[in-house]
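Asks: Going line by line, the protein sequences match chains H and X. All residue numbers for the first sequence refer to my numbering, where the first residue is 164 and numbers rise by one. All residue numbers for the second sequence refer to my numbering, where the first residue is 164 and numbers rise by one.
Number of protein chains: 2
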Amino acid sequence: MSKGLPKRSEDYSAWYNEIVKRADLAENSAVRGCMVIKPYGFAIWEKMQGALDDMFKATGHQNAYFPLFVPKSFLELEEEHAEGFAKECAVVTHYRLKNNPDGKGLIVDPEAKLEEELIVRPTSEAVIWNSYKGWIQSWRDLPILINQWANVVRWEMRTRLFLRTAEFLWQEGHTAHATEQEAIEEAERMLGVYAEFAENWMAMPVIQGVKTPSERFAGAVETYCIEALMQDGKALQSGTSHFLGQNFAKSFDVKFVNKDNELEYPWATSWGVSTRLMGALVMAHSDDQGLVLPPKLAPIQVVIVPIYRAEEDLAQITAKVDPVINELRLLGISVKFDDDDKYKPGYKFAEYELKGVPVRLAIGMRDLENGTIEIARRDTLTKESRSIDGIAEYIRNLLDEIQQNIYDQALKFRDENTYIADSWDEFKELIDKGFVLAHWDGSAETEEKIKAETKATIRCIPLNSVEEAGEDVYSGKPSAKRVVFAKAY
Amino acid sequence: MSKGLPKRSEDYSAWYNEIVKRADLAENSAVRGCMVIKPYGFAIWEKMQGALDDMFKATGHQNAYFPLFVPKSFLELEEEHAEGFAKECAVVTHYRLKNNPDGKGLIVDPEAKLEEELIVRPTSEAVIWNSYKGWIQSWRDLPILINQWANVVRWEMRTRLFLRTAEFLWQEGHTAHATEQEAIEEAERMLGVYAEFAENWMAMPVIQGVKTPSERFAGAVETYCIEALMQDGKALQSGTSHFLGQNFAKSFDVKFVNKDNELEYPWATSWGVSTRLMGALVMAHSDDQGLVLPPKLAPIQVVIVPIYRAEEDLAQITAKVDPVINELRLLGISVKFDDDDKYKPGYKFAEYELKGVPVRLAIGMRDLENGTIEIARRDTLTKESRSIDGIAEYIRNLLDEIQQNIYDQALKFRDENTYIADSWDEFKELIDKGFVLAHWDGSAETEEKIKAETKATIRCIPLNSVEEAGEDVYSGKPSAKRVVFAKAY
């Protein structure tokens, strides 16, 4: 049954847009650059939030909430930070509308002009460090380990659902520490949390590394990141964790008395992942039939479709599957029994395939006679008929197997699309295909030239990279290790 | 031990502010009218969110997310709605800052002026109904039952933490139905959910009723509400549920084909509760010693404070309480064992009292010898010593008892402070003390005059009120039933 989806191999971009739309994940709104996250998409995001929130709390963090608005003067305080965000922000200048005296409708009331403009937060370092000033006096007040779930706005000219939108949802951790070492460990710990989430929940292998200076977060001393490979060979930065040094503490004049009774600036980190992960999830695993969801993030893990003509048949089927549904739910598995008579089974099959439901069970009258049920796997698109006895336990194991298989497939894809380039010709030939490991001389100049010629960027300097003497693939200058290049979202 | 809190009887307003601050619930930010919700306050809000979210899902609703910005032209479409919100909104007019050519810092880039101004959502009817236009074509698409957790902004000149802030957090349900009856039932169902939450979770009795036309939500046909009584005799509107008729469907031109193949406008509801409930929670139960939390919403339900001198003593105490902690956690009770040696037990006792932790356990060396533990209840401020055997089960029951007692106390307070007034003199004498049940002639004119003279408003026309012929307490005109008057937050 054709769903009329574009093929990945023919138009990857159109394929992505159609899946997001047809699987009811999100849509563009009439508000420029802002998306509507639809219930099915939001349910996946809630699963992500739940898993991440548990991991943040398990590592000692608490949630809090800080203002949506950043006074312009706060943004100015950390110079690089201001530079990085000033060019793409929504600015509130007035606090009232009034009736248009010349006609219909509302106009901005010129008398309600703010003395100081407010920026809709693009990120909250400034507003949070302004609060931390009141919270931190002594070493006893440290560490502060806070996370916030929030919406942020960065005015983007070219937007794409989930991947790049003017408003997006995210979490942002903001921590303060008594020592540099502790802050660095925190930034690395949270990178590890992100990597674990990406791999174990999203079934998406990632490379952990640090950004080059030119790709760092505005105001950071070091930016750690996880990078994933999408099916079109482009990289997607999936999370970042920043060691901010004492930059924000100094800009906001936050000091504490240490154990030796001396005044010091605390050390900071910030770290975040966003609804961009939804885009990564779609692009990492889905196929030409639609979305493929790892079971751990699927709002519906198992759907059961009854196949019947008469109402009495449905009653018999329902009686047979009710205990199975109960058993599955007791195992913590989310199940939907779809006996909606507005749609035919074939339509439903296509719909659940499109929406990436990991396991689909179908049961008809012949199955009742035989004591069987049909099981379809979304990841492999394979079907089998099995005895309905012990089916719940079987499905539990199957969901684990699917989770693992989706990860294995993504890892295999990444391995097959990670290349080594030792010459500029090789580099240019390979750079459209995936990750390219190449030597870099460490200069921003070379990095910039490579980007200008190929649009590829250094995604990261991997944390686990080994020393290996070589020559920069572009400049020929000496290099001590390989870095990861790719074109990126 | 004095915590230096103002007394309720002397300065209720200062008492409230101090509790919010000293219990670490929230603080004012440097951003005018916006608050910072601190980790302890946010943990209570998360408990509220969790309970409400479960109730919304159990009644068939799904979460989604819509844009932060409402284009000005959308707000204008529903006339009353526009009138209601235009005067207090944050207006985004530009999308970029630039370096100040005349000096330091950033200025708004005049070349980055938006063609159409965007309003930071004060509520989302407009932006959501604009989306629903694309979602609703046929009766098969109905009902739409959606909720959103979000931040909203209403520019308030005079703000108070939780009770009235420019930015606040809330949930807003927005539903669309094929029939008027179904929409009315939905609005009433959600009022019931709010009342159940207020009473069973917040331990706060509420009156369910409808607003008078002049107190209705801007754009609603009927506004249902729950009203609670605070300890200073003022009312606090704690949740509203609106039957919107076809107003938004018509304004946004949303139509569906019904089962008879005719085009119709769908019927709408919206309903919301906000972080204002945090203010209600504080003011409903707390005392001159600090916050009093109902166990169901307490982030820490039980705190255990060891009393010791030597490290070996602490080791012995820890060995004794560890199994108790495990048992409590298995019962789903959140426990904190506070062995922080930076503070003395007396300080900790005062601190947990201030923070409203329902049960405090203290255990010292003599307790170890005797096999006892000291139990202090926050609601009654009573203490008892008990055998440590079977203590977990005892505490489980105690928490239920405390939850019930806090509700009973609040109900008793409300009963004792609900009055009947049959003359204007009586009314004026009683209106500072609590709810006043009085006859009203049904006219906006009388309602307005009473408000002008006493600052009291009609909180609601109770749903369960009985017909009773009488005369309006102010105008003397005939009235068919009593309504609830009070001064209000």
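Quick reminder that beta carbons are idealized off the backbone N, C-alpha and C, glycines included. This one's a predicted model, so the numbers in the text were calculated from it and none came from an experiment.
For residue 177 of chain X, I'd like the list of residues in its chain whose CB is within less than 6 Å of its CB, leaving aside the five on either flank, ordered along the chain.
Replies: Taken in chain order, the residues that qualify are 169.
Asks: Chain X partners of residue 230 of chain H, CB-CB under 8 Å?
Replies: Per Cβ cutoff of 8 Å: 192, 194, 197, 198, 199 and 330.
Asks: For a cutoff of 8 Å on Cβ pairs, would you count residue 656 of chain H as touching chain X?
Replies: Outside the shown range of chain H (164 to 652) lies residue 656 of chain H, about which nothing can therefore be said.
Asks: On the CB-based measure, 16 or more other CB atoms within 10 Å of its CB, does residue 344 of chain X come out buried or exposed?
Replies: Exposed, since its Cβ has fewer than 16 Cβ neighbours within 10 Å.
Asks: DSSP has residue 531 of chain X in a bridge; who is on the other side?
Replies: In DSSP, residue 531 of chain X forms no bridge with anything.
Asks: So what does DSSP say about residue 389 of chain X, is it helix, strand or coil?
Replies: The answer is strand: DSSP assigns residue 389 of chain X an E or B state.
Asks: Going by the beta-carbon positions, is the gap between residue 442 of chain X and residue 319 of chain X smaller than 8 Å?
Replies: No. Outside cutoff.
Asks: Residues of chain X with CB closer than 8 Å to the CB of residue 309 of chain H, please, in chain order.
Replies: Near residue 309 of chain H (Cβ distances below 8 Å), the residues of chain X are 202.
Asks: Should residue 601 of chain X be counted as a contact of the ligand NAP given a C-beta to heavy atom distance under 7 Å?
Replies: For the ligand NAP, the structure offers nothing, since it holds no ligand at all.
Asks: In this structure, does DSSP put residue 511 of chain H in helix, strand or coil?
Replies: Here residue 511 of chain H sits in helix by DSSP.
Asks: Excluding the 5 residues preceding and the 5 following residue 377 of chain H in the sequence, name in chain order all residues of the same chain whose CB lies nearer than 8 Å to its CB.
Replies: Excluding sequence neighbours, residue 377 of chain H sits near 607, 610 and 611.
Asks: Span of the beta strand (DSSP E) holding residue 622 of chain X?
Replies: Residue 622 of chain X -> beta strand (DSSP E) spans 620-625.
Asks: Compute the Euclidean distance between the alpha carbons of residue 421 of chain H and residue 409 of chain H, then round it to the nearest angstrom.
Replies: Near 15 Å, if we compare the C-alpha coordinates of residue 409 of chain H and residue 421 of chain H.
Asks: Taking only beta-carbon atoms, is residue 225 of chain X less than 8 Å away from chain H?
Replies: Chain H, which has a Cβ nearer than 8 Å to the Cβ of residue 225 of chain X, makes this yes.
Asks: In chain C, which residues lie with their C-beta within 8 Å of the C-beta of residue 303 of chain H?
Replies: Here chain C cannot be found, since the structure's protein chains are H and X.
Asks: Whole angstroms is fine: what's the gap from residue 397 of chain X's alpha carbon to residue 445 of chain X's?
Replies: Distance between the alpha carbons of residue 397 of chain X and residue 445 of chain X: 14 Å.
Asks: For residue 554 of chain H, is the classification buried or exposed, using 16 other Cβ atoms within 10 angstroms of its Cβ as the cut-off for buried?
Replies: Buried is the call here.
Asks: Could you spell out where the beta strand (DSSP E) holding residue 191 of chain H opens and where it closes?
Replies: Segment 189-191, the beta strand (DSSP E) holding residue 191 of chain H.
Asks: Using a Cβ-Cβ cutoff of 7 Å, what residues of the stretch 511-525 of chain H are near chain X? List them in chain order.
Replies: Taking 7 Å as the Cβ-Cβ cut-off against chain X, none of the residues of the stretch 511-525 of chain H qualify.
Asks: I'd like to know if the stretch 463-481 of chain H and the stretch 377-397 of chain H are in contact, where contact means that at least 3 CB-CB pairs between them fall below 8 Å.
Replies: No, the stretch 463-481 of chain H is not in contact with the stretch 377-397 of chain H.
Asks: Does the pairing of the stretch 351-362 of chain X with the stretch 209-229 of chain X give three or more beta-carbon distances under 8 Å?
Replies: In short, these stretches touch, since the Cβ pair count reaches three.
Asks: Pull up the distance between the alpha-carbon of residue 465 of chain H and that of residue 507 of chain H, whole angstroms please.
Replies: When rounded, the distance between both Cα atoms is 18 Å.
Asks: Please decide whether residue 293 of chain H counts as near chain X, where near means a Cβ-Cβ distance under 8 Å.
Replies: Output row for residue 293 of chain H: interface = yes.
Asks: On the DSSP bridge assignment, give the partners of residue 478 of chain X in chain order.
Replies: DSSP lists no partner for residue 478 of chain X.
Asks: Let me check understanding here. Comparing Cα to Cα, which of H/515, H/596, H/627 and H/589 lies closest to residue 636 of chain H?
Replies: The residue with the shortest Cα to Cα distance from residue 636 of chain H is H/589.
Asks: Classify residue 544 of chain X as buried or exposed, calling it buried when 16 or more other Cβ atoms lie within 10 Å of its own Cβ.
Replies: By the 10 Å Cβ count, residue 544 of chain X comes out exposed.
Asks: Starting from residue 202 of chain X, follow the beta strand (DSSP E) in both directions and report where the run begins and ends.
Replies: No beta strand (DSSP E) contains residue 202 of chain X, which is instead part of the alpha helix (DSSP H) from 202-221.
Asks: Measure the C-alpha to C-alpha separation of residue 349 of chain X and residue 432 of chain X and round it to an integer number of angstroms.
Replies: If I take the Cα positions, the gap works out to 7 Å.
Asks: Please classify residue 509 of chain X as buried or exposed, where buried requires at least 16 other C-beta atoms within 10 Å of its C-beta.
Replies: Residue 509 of chain X is exposed by the Cβ-count criterion.
Asks: Quick check: the stretch 276-294 of chain X against the stretch 222-230 of chain X, are at least 3 beta-carbon pairs closer than 8 Å?
Replies: Judged by Cβ distances under 8 Å, the stretch 222-230 of chain X makes contact with the stretch 276-294 of chain X, as three or more pairs qualify.
Asks: Considering only the alpha carbon of each residue, which of H/598, H/569 and H/373 lies closest to residue 651 of chain H?
Replies: Cα-wise, what sits closest to residue 651 of chain H is H/598.
Asks: At 7 Å on the CB atoms, spell out the chain X contacts of residue 205 of chain H, in chain order.
Replies: Residues of chain X passing the Cβ test: 226, 227 and 228.
Asks: In the DSSP output, what is residue 310 of chain H paired with across the bridge?
Replies: BP columns for residue 310 of chain H point to H/226 and H/336.
Asks: Applying the 10 Å Cβ sphere with the 16-neighbour rule, what's the burial state of residue 492 of chain X?
Replies: That one is exposed.
Asks: Who pairs with residue 581 of chain H in a beta bridge, going by DSSP?
Replies: In DSSP, residue 581 of chain H forms a bridge with H/598.
Asks: Taking C-alpha atoms, which residue in H/186, H/193 and H/627 lies nearest to residue 281 of chain X?
Replies: Nearest of H/186, H/193 and H/627 to residue 281 of chain X, Cα basis: H/193.
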